[in-house]
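Colleague: Chains A and B are the protein sequences, given in the same order.
Those letters in the first sequence? Residues 1 to 287, by this note's numbering.
Those letters in the second sequence? Residues 288 to 607, by this note's numbering.
All residues carry an ideal CB built from backbone N, CA and C; glycine is no exception.
Nothing here was measured: the structure is a model prediction, and the numbers come from that model.
Can you keep this structure in mind? I'll have questions shortly.
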Amino acid sequence: MEAAVTTLLNALTLIGILSLVGLGLTISFGLMNVTNLAHGEFLTVGAYAVYFTQSFGGSYWLGLVTAPLAAAIVGCALEWLILRHLYEKPIAAILATWGASLVIQQSLELVFGLGGKPVLPPVQGALDLSVAAYPAYRILLICIAAIALGLVLVLVRRTSFGLDIRTVIQNRTMAEAVGINTRRVYAIAFAFGAGVAGLAGALVSPLTTVLPQMGVGYLANAFFVVIVGGAGSVAGLIAGSTFIGGLTSVLNYQMSPSLVQAIVLLVAILIVRVRPNGLLSTAGALR
Amino acid sequence: MKHRGRLVALAAGTCVLSIYPAFADEYHLTVLRDALLFGLFAVSLDFFWGSTGILSFGHATFFGLGGYVMTLVTMTSGLPAPSVLGLFAAVGAPAALAAIVGYFLLFGGVRGSFFTIVTLALSVIAQQLVISWSSVTGGDTGLLGVPPLALGGYEISGAMATYIVVAVTLIVVLLALRALEQSRWGKILIAIGDNEVRAAALGHNAPARLTLTFVISAAVAGFAGGLYVAIAGVVAPDLIGLLLSTEVIVWVAIGGRGTLLGPVVGAVLVQRAQQEISSMNPSLWPLILGCTFVIIVFVAPDGVMSIAERSRMLLRRRSA
Numbered sequence: 001m002e003a004a005v006t007t008l009l010n011a012l013t014l015i016g017i018l019s020l021v022g023l024g025l026t027i028s029f030g031l032m033n034v035t036n037l038a039h040g041e042f043l044t045v046g047a048y049a050v051y052f053t054q055s056f057g058g059s060y061w062l063g064l065v066t067a068p069l070a071a072a073i074v075g076c077a078l079e080w081l082i083l084r085h086l087y088e089k090p091i092a093a094i095l096a097t098w099g100a101s102l103v104i105q106q107s108l109e110l111v112f113g114l115g116g117k118p119v120l121p122p123v124q125g126a127l128d129l130s131v132a133a134y135p136a137y138r139i140l141l142i143c144i145a146a147i148a149l150g151l152v153l154v155l156v157r158r159t160s161f162g163l164d165i166r167t168v169i170q171n172r173t174m175a176e177a178v179g180i181n182t183r184r185v186y187a188i189a190f191a192f193g194a195g196v197a198g199l200a201g202a203l204v205s206p207l208t209t210v211l212p213q214m215g216v217g218y219l220a221n222a223f224f225v226v227i228v229g230g231a232g233s234v235a236g237l238i239a240g241s242t243f244i245g246g247l248t249s250v251l252n253y254q255m256s257p258s259l260v261q262a263i264v265l266l267v268a269i270l271i272v273r274v275r276p277n278g279l280l281s282t283a284g285a286l287r
Numbered sequence: 288m289k290h291r292g293r294l295v296a297l298a299a300g301t302c303v304l305s306i307y308p309a310f311a312d313e314y315h316l317t318v319l320r321d322a323l324l325f326g327l328f329a330v331s332l333d334f335f336w337g338s339t340g341i342l343s344f345g346h347a348t349f350f351g352l353g354g355y356v357m358t359l360v361t362m363t364s365g366l367p368a369p370s371v372l373g374l375f376a377a378v379g380a381p382a383a384l385a386a387i388v389g390y391f392l393l394f395g396g397v398r399g400s401f402f403t404i405v406t407l408a409l410s411v412i413a414q415q416l417v418i419s420w421s422s423v424t425g426g427d428t429g430l431l432g433v434p435p436l437a438l439g440g441y442e443i444s445g446a447m448a449t450y451i452v453v454a455v456t457l458i459v460v461l462l463a464l465r466a467l468e469q470s471r472w473g474k475i476l477i478a479i480g481d482n483e484v485r486a487a488a489l490g491h492n493a494p495a496r497l498t499l500t501f502v503i504s505a506a507v508a509g510f511a512g513g514l515y516v517a518i519a520g521v522v523a524p525d526l527i528g529l530l531l532s533t534e535v536i537v538w539v540a541i542g543g544r545g546t547l548l549g550p551v552v553g554a555v556l557v558q559r560a561q562q563e564i565s566s567m568n569p570s571l572w573p574l575i576l577g578c579t580f581v582i583i584v585f586v587a588p589d590g591v592m593s594i595a596e597r598s599r600m601l602l603r604r605r606s607a
């Protein structure tokens with residue numbers, strides 16, 4: 001019972017993080033048809049933002065606010081400098097964003113120096129849940145991630161900007177014909193996805209050491225999420241995260257992490273073979 | 288016209304490679320030899336990427352797998368002709384892996400970006416597996432003392448002998464792949480790359496052709512990996528990792544995708560630059576590598592060699 005609850009909460013932590021990281025990827029994949037290999041760096045930038053804030057005596061909560069802003073600014077710069085020129089050239093975009101990711105990693109290393117940086121969590125200790133004790137910070141993380149995802153859903157489904165995004169994903173040409181400025185939608189949606197990844201970075205920062213290369217591991221997993229769930233849909237994103245996060249957490253309980261990674265990849269490839277458009281493959285709009 | 292130009296370039300390259308030992312000392316000979324081995328690896332990527340337009344972002348998986356398999360076979364005592372068996376395994380294992388991956392992805396209709404991402408993940412995971420499975424692979428440090436190549440009791444070691452083996456192998460592989468690209472096979476691949484639906488409507492089994500091309504490419508990469516570890520004497524996780532996977536893309540992109548010879552030139556030049564830069568400041572290289580990626584995309588999308596070709600066309604147009 002205790003093990004089951006712990007595994008469930010571990011899974012929820014991972015699912016929350018993966019959903020937040022995957023959101024930006026599913027936007028750039030589904031909306032812009034661009035594969036952004038620098039997406040992991042938005043998470044890294046977010047984590048460094050928290051470290052930077054704390055090193056000046058700021059609280060974790062201040063860091064949690066600055067992280068998405070910092071990542072969104074980097075995202076804006078990336079879109080404006082590189083990506084907007086490459087929307088029609090998918091392979092060129094892959095190469096250029098990979099280059100940008102190396103540049104961001106090395107710049108972070110040059111500015112902040114070698115080695116991992118510590119980030120202090122806002123709450124310490126464990127919470128007694130009667131069946132099992134679980135770190136209080138992780139429970140907080142699950143709550144923040146759930147709230148953030150809820151807000152994203154409201155944004156996509158209830159606001160006029162969300163309507164613009166869904167329109168562009170369904171039919172780009174028609175969206176332009178009815179007067180939606182697709183370039184502007186791309187830029188804002190991309191920066192938004194980057195900011196949410198930055199938030200994810202701020203959330204994971206107290207759980208690990210903050211390193212320039214920390215984004216790469218999350219990038220690979222977030223791509224599985226989008227591939228398994230299907231690009232361009234929030235429902236698919238959550239389904240994909242639940243699948244990848246759940247499988248990883250359950251397997252992690254039994255075997256070594258790298259073997260788990262290999263198995264998760266294999267299962268993801270199998271799913272791609274059976275359902276090329278993702279688990280919830282009715283394809284199309286952000287739902 | 289263009290094809291004759293490339294044949295002339297190959298002949299010129301062969302001349303340079305055969306004259307070089309007369310002028311170079313032993314150290315420079317081994318440097319060029321290692322660069323040529325990575326050039327062979329770059330050729331394998333170009334054969335798939337260049338002729339199908341699908342980018343594999345995890346090609347080092349096959350190079351590294353060939354290296355590790357070669358190591359494990361040749362270090363097993365009591366086998367007859369371990370080098371030959373090792374090279375067969377170094378070709379066979381990556382080919383089998385590519386066949387499995389190709390079956391699931393290419394037959395599943397996965398193309399373009401999705402294929403690139405899954406192969407990227409393949410490379411990340413291969414490296415993790417190699418590092419964590421330390422009882423077999425030696426973990427982070429890898430394995431030292433891989434036996435040198437041996438044929439019928441003769442050991443091929445020393446700078447000159449290994450250089451000759453590598454140079455001859457490279458030229459033979461280049462000629463073979465070139466012949467394949469110019470045959471009917473290559474033309475069908477171009478048709479598939481241009482418009483897969485139309486090629487399929489004409490009766491070509493596109494997934495099967497693409498998968499077989501991927502398998503050949505992986506086999507060449509594994510062969511290069513097997514040769515590399517036998518000549519270098521060590522195998523380590525960076526031979527299978529993501530960084531090498533991306534570096535080989537730079538070599539091909541700089542040399543010119545779809546030219547086969549260009550990637551060899553790209554590999555030699557970029558590795559030379561890498562050594563110069565790393566000797567000044569080791570953390571500078573990834574930064575420059577990153578910038579190179581971005582610059583290539585904007586300045587020379589068809590490779591550095593294409594700049595020469597383009598300027599020649601410009602000159603011709605002006606003189607006409």
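Would you tell me roughly how many angstroms separate the C-alpha atoms of N492 of chain B and P550 of chain B, rounded to the nearest one?
Modeller: Position 205 of the second sequence, counting from 1, holds the residue named residue 492 of chain B. Position 263 of the second sequence, counting from 1, holds the residue named residue 550 of chain B. Going by the C-alpha atoms only, they are around 29 Å apart.
Colleague: Report the neighbours of Q558 of chain B on chain A: residues whose CB is nearer than 7 Å to its CB, in chain order.
Modeller: In the second sequence, the residue the question calls residue 558 of chain B occupies position 271. Simply none; closest approach about 17 Å.
Colleague: When you compare the CB of I451 of chain B with every CB in chain A, is at least one pair closer than 8 Å?
Modeller: Translated into the one-based positions of the second sequence, residue 451 of chain B becomes position 164. Cβ-Cβ to chain A under 8 Å: no for I451 of chain B.
Colleague: Please classify V423 of chain B: is it buried, with 16 or more other beta-carbons within 10 angstroms of its beta-carbon, or exposed?
Modeller: The residue given as residue 423 of chain B occupies position 136 in the second sequence. By the 10 Å Cβ count, V423 of chain B comes out exposed.
Colleague: Counting only runs of 4+ residues fully inside the stretch 246–283 of chain A, write out the alpha helix (DSSP H) ranges in chain order.
Modeller: For the stretch 246–283 of chain A, whole alpha helix (DSSP H) runs of length 4 or above, ordered along the chain, are 257–274.
Colleague: By Cβ distance, which residues of its chain are closer than 6 Å to M288 of chain B, with the 5 residues on each side in sequence left out?
Modeller: Within the second sequence, the letter at position 1 stands for residue 288 of chain B. Reliability fails at M288 of chain B, whose pLDDT of 44 lies under 50, so the model's placement of it is uncertain and the value that follows must be treated cautiously. Same-chain partners within the cutoff: there are none.
Colleague: Among residues of its own chain, excluding the 5 on either side of I271 of chain A, which ones have a beta-carbon nearer than 6 Å to its beta-carbon?
Modeller: Here residue 271 of chain A refers to the residue found at position 271 when the first sequence is read from its first residue. Answer for I271 of chain A: V228, listed in chain order.
Colleague: List the DSSP bridge partners of V522 of chain B.
Modeller: Numbered from its first residue, the second sequence carries residue 522 of chain B at position 235. In the DSSP output, where bridge partners are listed per residue, V522 of chain B has B:L430.
Colleague: Step through the CB atoms of chain B and report whether any lies within less than 8 Å of the CB of G232 of chain A.
Modeller: Position 232 of the first sequence, counted from the first residue, corresponds to residue 232 of chain A. No - not a single Cβ of chain B is within 8 Å of the one on G232 of chain A.
Colleague: Which residues in the same chain as Y253 of chain A place their Cβ atom closer than 6 Å to its Cβ, once the five residues preceding and following it in sequence are excluded?
Modeller: Taking the first residue of the first sequence as 1, we reach residue 253 of chain A at position 253. Cβ neighbours of Y253 of chain A beyond the five flanking positions: T7.
Colleague: Would S422 of chain B count as contacting chain A if we go by Cβ distances under 8 Å?
Modeller: Counting from 1 along the second sequence, the entry for residue 422 of chain B is found at position 135. It does not: the Cβ of S422 of chain B has no partner Cβ on chain A nearer than 8 Å.
Colleague: Would you call the stretch 395–409 of chain B in contact with the stretch 87–94 of chain A, where contact means no fewer than 3 C-beta pairs closer than 8 Å?
Modeller: Touching, yes.
Colleague: Using a Cβ-Cβ distance cut-off of 8 Å, determine whether V272 of chain A contacts chain B.
Modeller: Looking up residue 272 of chain A in the first sequence gives position 272. V272 of chain A counts as touching chain B.
Colleague: Residues of the stretch 540–558 of chain B in Cβ contact with chain A at a cutoff of 9 Å, in chain order, please.
Modeller: Within the stretch 540–558 of chain B, the qualifying residues are A540.
Colleague: Measure the beta-carbon distance from L153 of chain A to V21 of chain A and round it to whole angstroms, keeping in mind my assumption that it falls under 8 Å.
Modeller: By 1-based counting over the first sequence, the position of residue 153 of chain A is 153. By 1-based counting over the first sequence, the position of residue 21 of chain A is 21. Going by Cβ atoms, the distance from L153 of chain A to V21 of chain A rounds to 17 Å, so no, they are not a contact pair.
Colleague: When the distance is taken between beta carbons, is G193 of chain A closer than 8 Å to G24 of chain A?
Modeller: Here residue 24 of chain A refers to the residue found at position 24 when the first sequence is read from its first residue. Here residue 193 of chain A refers to the residue found at position 193 when the first sequence is read from its first residue. Taking 8 Å as the Cβ cut-off, G24 of chain A and G193 of chain A qualify as a contacting pair.
Colleague: Whose CA, out of B:R291, B:T361 and B:M600, lies closest to the CA of L431 of chain B?
Modeller: Taking the first residue of the second sequence as 1, we reach residue 431 of chain B at position 144. When each option's Cα is compared against that of L431 of chain B, the closest is B:T361.
Colleague: At which residue ranges does the stretch 401–456 of chain B contain complete alpha helix (DSSP H) runs of 4 or more residues, listed in the order of the chain?
Modeller: Within the stretch 401–456 of chain B, the complete alpha helix (DSSP H) runs of at least 4 residues are 421–424.
Colleague: Among the residues of its own chain, which have a CB less than 6 Å from the CB of A53 of chain A, if the five just before and after it don't count?
Modeller: Residue 53 of chain A sits at position 53 when you count from the first residue of the first sequence. According to the sequence provided, residue 53 of chain A is Thr. The question's Ala does not apply to it. Same-chain partners within the cutoff: L62, G63 and T66.
Colleague: Could one say the Cβ of P494 of chain B lies closer than 8 Å to chain A's Cβ atoms, at least one of them?
Modeller: Numbered from its first residue, the second sequence carries residue 494 of chain B at position 207. No, P494 of chain B lies away from the interface with chain A (no Cβ there is under 8 Å from its Cβ).
Colleague: Consider the Cβ of I536 of chain B: report whether some Cβ of chain A lies at a distance smaller than 8 Å.
Modeller: Translated into the one-based positions of the second sequence, residue 536 of chain B becomes position 249. It does: the Cβ of I536 of chain B has a partner Cβ on chain A nearer than 8 Å.
Colleague: For chain A, is any of its Cβ atoms less than 8 Å away from the one on F349 of chain B?
Modeller: Here residue 349 of chain B is taken as the residue at index 62 of the second sequence, counted from 1. Cβ-Cβ to chain A under 8 Å: no for F349 of chain B.
Colleague: Report the rounded CA-to-CA distance for V459 of chain B versus V330 of chain B, giving the unit in angstroms.
Modeller: Counting from 1 along the second sequence, the entry for residue 459 of chain B is found at position 172. Counting from 1 along the second sequence, the entry for residue 330 of chain B is found at position 43. Near 12 Å, if we compare the C-alpha coordinates of V330 of chain B and V459 of chain B.
Colleague: Please say whether V388 of chain B and L409 of chain B have beta carbons closer to each other than 8 Å?
Modeller: As a working mapping, residue 409 of chain B is identified with position 122 in the second sequence. As a working mapping, residue 388 of chain B is identified with position 101 in the second sequence. Cβ distance < 8 Å, so L409 of chain B and V388 of chain B count as in contact.
Colleague: Can you confirm whether F580 of chain B, when its beta carbon is compared against all beta carbons of chain A, has any partner nearer than 8 Å?
Modeller: Residue mapping note: residue 580 of chain B aligns to position 293 of the second sequence, counting from 1. It does; some Cβ of chain A falls within 8 Å.
Colleague: Please state whether DSSP places K117 of chain A in a helix, a strand or coil.
Modeller: Mapped onto the first sequence, residue 117 of chain A falls at position 117. Three-state result, K117 of chain A: strand.
Colleague: By the DSSP assignment, the beta strand (DSSP E) with D333 of chain B in it spans what residues?
Modeller: For the purposes of this step, residue 333 of chain B is taken as the residue at position 46 of the second sequence. Looking at the DSSP string, D333 of chain B is not in any beta strand (DSSP E); the run it does join, the alpha helix (DSSP H), is E313 to T339.
Colleague: Taking only three categories from DSSP, how would you classify V123 of chain A?
Modeller: Taking the first residue of the first sequence as position 1, residue 123 of chain A is located at position 123. Residue state, collapsed to three classes: coil.
Colleague: Just to confirm the assignment, what range does the alpha helix (DSSP H) spanning Y355 of chain B have?
Modeller: Within the second sequence, residue 355 of chain B is the residue found at index 68, counting from 1. Per DSSP, Y355 of chain B belongs to the alpha helix (DSSP H) from A347 to T361.
Colleague: Quick one: measure Cβ to Cβ for S470 of chain B and F334 of chain B, integer angstroms, because I've assumed they're closer than 8 Å.
Modeller: In the second sequence, residue 470 of chain B corresponds to position 183, counting from 1. In the second sequence, residue 334 of chain B corresponds to position 47, counting from 1. Rounded, the Cβ-Cβ distance is 13 Å, inconsistent with contact.
Colleague: S241 of chain A versus chain B: which residues are under 9 Å apart at the beta carbon?
Modeller: For this step, residue 241 of chain A is matched to residue 241 along the first sequence. Residues of chain B passing the Cβ test: none, with the nearest at roughly 16 Å.
Colleague: Check A212 of chain A in the structure and name its three-state DSSP category.
Modeller: As a first step, residue 212 of chain A is located in the first sequence; it is residue number 212 there, counting from the start. Reading off the sequence, residue 212 of chain A comes out as Pro, not Ala. Note: P212 of chain A maps to coil in three-state DSSP.
Colleague: Give the single residue among A:L37, A:L12 and A:V168 whose Cα lies nearest to the Cα of F223 of chain A.
Modeller: Sequence index remark: in the first sequence, residue 223 of chain A carries index 223 (1-based). Here the closest residue by C-alpha is A:L37.
Colleague: Determine the contact status of A517 of chain B and P435 of chain B, defining contact as a CB-CB distance below 8 Å.
Modeller: Locating residue 517 of chain B in the second sequence gives position 230, where the first residue counts as 1. Locating residue 435 of chain B in the second sequence gives position 148, where the first residue counts as 1. It is a contact, given that the beta carbons lie within the stated cut-off.
Colleague: Can you give me the start and stop residues for the alpha helix (DSSP H) that Y390 of chain B sits inside?
Modeller: In the second sequence, residue 390 of chain B corresponds to position 103, counting from 1. Looking at the DSSP string, the run of the alpha helix (DSSP H) that includes Y390 of chain B is P369 to L393.
Colleague: Do V123 of chain A and Y87 of chain A have their CB atoms nearer than 8 Å?
Modeller: Along the first sequence, one-based indexing puts residue 123 of chain A at 123. Along the first sequence, one-based indexing puts residue 87 of chain A at 87. Result no, Cβ atoms of V123 of chain A and Y87 of chain A do not sit closer than 8 Å.
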